[in-house]
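Its first residue numbered 20, the sequence shown is counted upward by one per residue in our numbering.
Glycine included, each C-beta is placed from N, C-alpha and C at the ideal position.
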Amino acid sequence: MASAVSSGVIMVQPAVLSDETTYLFHRSFTQPLKLVESSKGHVLTMGDGHKILDACGGAAVACIGQGNEEVIAAAMEQMRKITYTHPLSYTTRAAEDLAQAFLGGNTFGLQKMFLVGSGSEANDIAMKLARHYFVEKGQPERVNFVARKQAFHGNTIGALSLGSHVARRRPYLPITLESRVSHVSPAYAYQYQKPDETEAGFVARLAKELEDEFLRLGPQTVVAFVVETVGGATSGCVTAPEGYFVAVREICDKYGILLILDEVMSGAGRTGTMFAFEQEGIVPDIMTLGKGLGGGYTPVAAIIAHKRVCDGFRAGPSQAFNHGQTYQAHPLSAAIATAVQRVVRRDSLVDRCACMGRLLGGQLKETFADAEYVGDIRGRGLFWALEFVRDRKTKEPLAPSLNFAYKVNAESFRRGVSLYPGSGTVDGVVGDHLMFAPAYTITEEEIARIVRTAREGYDHMAGPAGLLLSVLLARNGLSQILCVEPRLEVIAAGHADGLHSRSLEMFKLLGLYEELMKASTEVGERARWAQGSEKSESLGQPRMERVMRQKISLAPNARMKQLISIPQGRIERILEEDLMKHANHALQRSFRVVDVRIDETSASYPVLVTICEDAGVQTRQIQCKFLVGADGAHSTVRRCMGVEMEGDSTEHVWGVVDFVTDTDFPDIRRLTTVQNSAGMAMVIPRETNGQGQWLTRFYVDMNDLELKRQHADAETSTIFIKNQQKKSRITVEDILQRLAEIFAPFRMIIKKGTEVDWSTAYAVGQRVASAFIQVDASNIPRIFLVGDACHTHSPKLGQGMNVSMADSFNLAWKLTHALNGSAASTKNLLQSYASERRLIAQQLIELDRRWYSIQWAESERKKQPGYQDECVRLYQDISGFTSGCGIQYEESLLVVVQAGEAVIHGTDENDEGLTPNSGMVKPGRRLPNTTALRIADGCLWDLHDNLLPDGAGFKIFVFCGRDLLDRHSHSAQTLQVVFDQVIPAFPRAFLDAFVVAPETVYTHGGSSKHVSPLAEYDLWPLIPACIKREAEMRTYALAQTGYDIYGIDIERGAVVVVRPDGIVGTALALDLRINAGLMSYLQGILA
């Protein structure tokens, strides 16, 4: 945060400023600006504390880095000498020194320097200087200028007239000098040289075009040809072909036309020589300098005139240049620029720029040689650019709507590097480029980081599981993500319909829970209807009746206790919007994967993925570090891996349909199962449709009709069996008719004026992939399967999407550490995904099989002894599974049960730890939630709210014993060890600690074991000082009941380590060995 003073009041400004939070007139009223708090060297410190490596010097400005003490001292010294003189009457030593520093002893004939405040001013004044030169020479008919397309010369009216930046010129075209400025083709070989044209032929064509333009205008009317020596922001570091400037100089000389070189961006050493024209074998008549002249320490620019121009004024009638400005040659700006140039010359930074430029260019060419969308890599000195294209062979630009370069820059920025993107590269409308222009003082290590950041990334698929994984990775700072999704938009209707407590908890931790609840409906009760004994006279058959109605029982220790119904499309939209905030380039729609293989010819990017447009027109290959297949039950990634699905797959067909009902059935808004002689159906309440009317989903057993019909009539619009990818033999009308039969005598029809919202069919089956990962030659997992790609089951249990997202939650933090290089063993960490999640998938399949068997059991079976007990156990297991509290990972590198005396114990309050929802802390299980009192402010706090997944960090919970107030106790000593020894041993982003104390503790300073409330004490002076310093707002008081539910002895306490996905990794006793125990566990995982 930063402070600004206004009217004597201190106002705290946010780290990102928008139209509503700033009084400055910024360029855009819609694009927020990031606040820079400070800078030093090559690093910007943002308002939110993030450090950004400036790889573009702002706009090729900061040539010696920031915060140079020598320059700052020169500014202070000049301020003490003289702050301002009027340039019409006076000059200053500071201004004279700067001009001499540049022009003294030069061999190019450059004689005079005119100092102003910006490059736009400089180019505008250069036009006036050239025009006035010819007036002095008696040639007032010279009024025209020629410039090049795809150039930018500034934002004043004159400079804007010279340039061709379409977007910047558009609003002002009627007032620009259109009748006095014409444009010729740029010396931009990559896009403008013809395929069959040699470099010499291209130069000759450009030279002829220029001469033809002079002749068209009348060469006697042309003042100057204005050109960037090296193309700047509009075209992106375009260097001219060999011989171009020699040809231009000859043509200008032939007709007595001045040559003005714009080196505002490319001069002052940026391209490896003090002036960029030195590498072209010519000398200009007039040139402009800007950005590198003052290095960003002050606004300053210059117009430099050759001796022949100066001689023209000396010999003219006025012997004066009719132009002056109030702040022309300002002494402070001149003194600062002189100090910058002193550093440049003394430290040989121009030579260094050339040397480091060769390194930067070489690394860019090596790193991006195989990049599908990088068409050209060009530059000179420390002034380089990548040009992005859709097709490297045809050089076809990318669609402007993609904002490709800006998205690459955005992802680089989130990884801590700032680059300079541009668009309209080719013709002012299409084309994308990304510029690299670091300070001349940049180091080799920083160059490597810049190039690496621009290239790093990996690819994976979309859908809820893929989108959630993308969101988690992006929030962890891994913004080099490509999430491939074949659909152009999120699904409009249907598909997965419910989120259970564990999934809601994930969204709560991500801050997206409230958005979900706005778009969903909560399901609070369940009911069951079956064949009854009461006769229905109208039907002549037993009427069905309700046999059960109850509240939906969810795990008592879950953080979120709701079951909600929400369309999959809305979940995807919420995730996509969040992804755009953190990695707005990441989602690539309308592409699908067609091939995947491990290709270790590129050791750093060993996964080769081929994707194509959904229309099948465009194909591209991507090399990435890791690939995650979240591409559903018919996964292409799984097929390419050669992985088989194992388990049962039946032909038993169920129909699914969503519509607005017209019904008198009393439980239409409850989760209801119906089973009678007419068939079986399941009712799931849904959200409202676009017209505000409540939808209902029905699952309907249609297998008998499917079997009765021998084949599907090609002329009949039958439903597609989603998980078998084939047509069924049933229609939507068949499902609606079956529903009417099952629910009779209740009315069950579509509400008048509405229609079916969505329908599909599926065949019952429970299958698990034979493998969840594929490894490279070093046995490091490179390809992963998540969601339906690796486990399929009955959708009626409502766990497909939920478990899929849990897969992503498990994998995201492991990939984060693998990509950041913070894993002790990338191989072991990533292999744990398969061992942990395949076990859970197998548990889910067995649970689904049990549920299907019991839920739809024949009536005779329901009468058998033990059926009801089996139902109770089943619903306990389902509750434990959906809440996550009953999921158990086996012992491993990540789940460690400490040897020796047990730290966690069974109690009456936690059912001795025997049930899935017992609440007992167990390594390998989700940390159950509980509510505690935050000591600092007396607020009640859910411990789960401390388990934010951002950053892939581990959490240490120190549950103190009642001896906390004794400075020499195990509790106090453990706290000291954790905060002073363990936490500092790891990056803070990867490890944090929390303190939980009993609500009642042993009396401070007492000799007896008398217990008194913790609230009676001013706690901070009585416990180790590190707690207030490091965890004041993370220290809680918990009642004995909470300790008992967790199974932690309130007398002895415990230390519980929680993984980034909320799973308990290990639990240790409070004793002097705590440092060794914690370090042993954490160092086995983190580097």
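4-residue-minimum alpha helix (DSSP H) runs that sit fully inside the stretch 143–184, ordered along the chain: Qualifying alpha helix (DSSP H) stretches, in chain order: 176–181.
Backbone CA spacing between Ala353 and Lys227 [nearest angstrom]: Inter-residue distance for Ala353 and Lys227 is about 42 Å (C-alpha atoms, whole angstroms).
Pairwise C-alpha distance: Gly76 and Arg494: Spanning the two alpha carbons is a distance of roughly 27 Å.
Ala546 and Glu706 closer than 8 Å at C-beta: No, these two residues do not count as a Cβ contact at 8 Å.
Stretch-stretch touch, CB-based, cutoff 8 Å, three pairs: the stretch 802–811 with the stretch 860–869: Touching, yes.
Every unbroken alpha helix (DSSP H) within the stretch 642–714, with a cutoff of 4 residues, ordered by chain: Listed in chain order, they are 655–660.
Endpoints, the beta strand (DSSP E) within which Phe803 is located: Pro800 to Leu804 is the extent of the beta strand (DSSP E) around Phe803.
Test item: CB-CB of Glu140 and Ala320 under 8 Å: Against a cut-off of 8 Å, the Cβ pair of Ala320 and Glu140 comes out as a contact.
Minimum C-alpha distance to Leu280 - residue among Asp681, Phe765 and Ile301: Closest option to Leu280, Cα to Cα, is Ile301.
From Asp720, Gly980, Glu1070 and Leu646, residue whose alpha carbon lies closest to that of Leu14: Residue 14 is absent from the structure shown; the chain starts at 20 and stops at 1106.
Closest Cα partner of Pro159 within the set Val165, Ala166 and His151: Taking only the C-alpha atoms, the option nearest Pro159 is His151.
Distance between Phe340 and Leu148 (C-alpha atoms, nearest Å): So the alpha carbons of these two residues sit roughly 7 Å apart.
Member of Tyr852, Pro947, Gly173 and Thr111 whose CA lies at the smallest distance from the CA of Thr835: Checking every option, the nearest Cα to that of Thr835 belongs to Tyr852.
Cβ contact check for the stretch 949–956 and the stretch 1035–1054: 3 or more pairs under 8 Å: They touch, by the three-pair rule.
Beta carbon of Gly1066 nearer than 8 Å to that of Asp1011: Result no, Cβ atoms of Gly1066 and Asp1011 do not sit closer than 8 Å.
Collapsed DSSP secondary structure at Leu726 in the structure displayed: The answer is helix: DSSP assigns Leu726 an H, G or I state.
Own chain partners of Gly1096 with C-beta closer than 7 Å, once the 5 adjacent residues on each side are dropped: For Gly1096, same chain residues with a beta-carbon under 7 Å away, outside a window of 5 residues either side, are Gln917 and Leu1087 in chain order.
Local Cβ density within 10 Å of Val393, reported as buried at 16 or more and exposed below that: Using a 10 angstroms sphere on the CB of Val393, the tally of other CB atoms reaches 16 or more, which defines it as buried.
Meets three-Cβ-pair contact criterion under 8 Å: the stretch 370–378 and the stretch 262–269: Short answer: they don't touch.
Which of helix, strand or coil DSSP assigns to Thr950: Looking at Thr950 - three-state DSSP - the assignment turns out to be strand.
Stretch pair the stretch 440–453 + the stretch 407–426: three plus CB contacts closer than 8 Å: Yes, they touch.
Enclosing alpha helix (DSSP H) for Cys256 [first to last residue]: Counting along the chain, Cys256 falls outside any alpha helix (DSSP H), and DSSP gives it neither H nor E.
Three-state class that DSSP yields for Pro1017 in the structure shown: Strand, per DSSP.
Among Pro440, Pro800, His1023 and Val1001, the one whose alpha carbon lies nearest that of Tyr1036: Residue His1023 is the option with its Cα nearest to Tyr1036.
Backbone CA spacing between Leu507 and Asn821 [nearest angstrom]: Legend: pLDDT at Leu507 = 47, less than 50; position of this residue unreliable, no value from coordinates given.
Bridge partners - Lys70, DSSP secondary structure assignment: Answer by DSSP bridge pairing, in chain order: Thr64.
Buried or exposed (CB count within 10 angstroms, at least 16 for buried), Asn1132: Any question about residue 1132 goes unanswered here, given that the chain covers just 20 to 1106.
Start-to-end residues for the alpha helix (DSSP H) that takes in Gly313: Counted as a single uninterrupted DSSP element, the alpha helix (DSSP H) harbouring Gly313 occupies residues Lys310 to Gly313.
Element boundaries [beta strand (DSSP E), containing Tyr1055]: For Tyr1055, the uninterrupted beta strand (DSSP E) run begins and ends at Thr1054 to Leu1057, by DSSP.
Through-space distance from Ser911 to Ile859, alpha-carbon basis: Approximately 15 Å, taken between the alpha carbons.
Beta-carbon contacts of Met65 that lie in its chain and below 7 Å, excluding the five residues immediately before and after: Setting aside the 5 residues that flank it on each side, Met65 is surrounded in the same chain by Ala34, Lys53, Leu54, Val55, Glu56 and Ile71, each with a C-beta closer than 7 Å to its C-beta; the list follows chain order.
Unbroken beta strand (DSSP E) run spanning Cys372, endpoints: If you look at Cys372, you'll find it isn't in any beta strand (DSSP E); it sits in the alpha helix (DSSP H) that goes Leu368 to Thr386.
Sequence-distant residues of its chain with Cβ nearer than 7 Å to Ala81 (five each side left out): Excluding the 5 residues flanking it on each side, Ala81 has same chain C-beta neighbours closer than 7 Å at Asp73, Gly314, Gly315 and Ala458, in chain order.
Three-state secondary structure assigned by DSSP to Tyr718: Judged by DSSP in its simplified three-state form, Tyr718 adopts strand.
Beta-carbon contacts of Val922 that lie in its chain and below 7 Å, excluding the five residues immediately before and after: Closer than 7 Å at the Cβ level, and outside the excluded window around Val922, lie Ala1073, Ala1086, Leu1087 and Ala1088.
Residue environment, Ala113, which counts as buried when at least 16 other CB atoms sit within 10 Å: The residue is buried, with at least 16 neighbouring Cβ atoms inside 10 Å.
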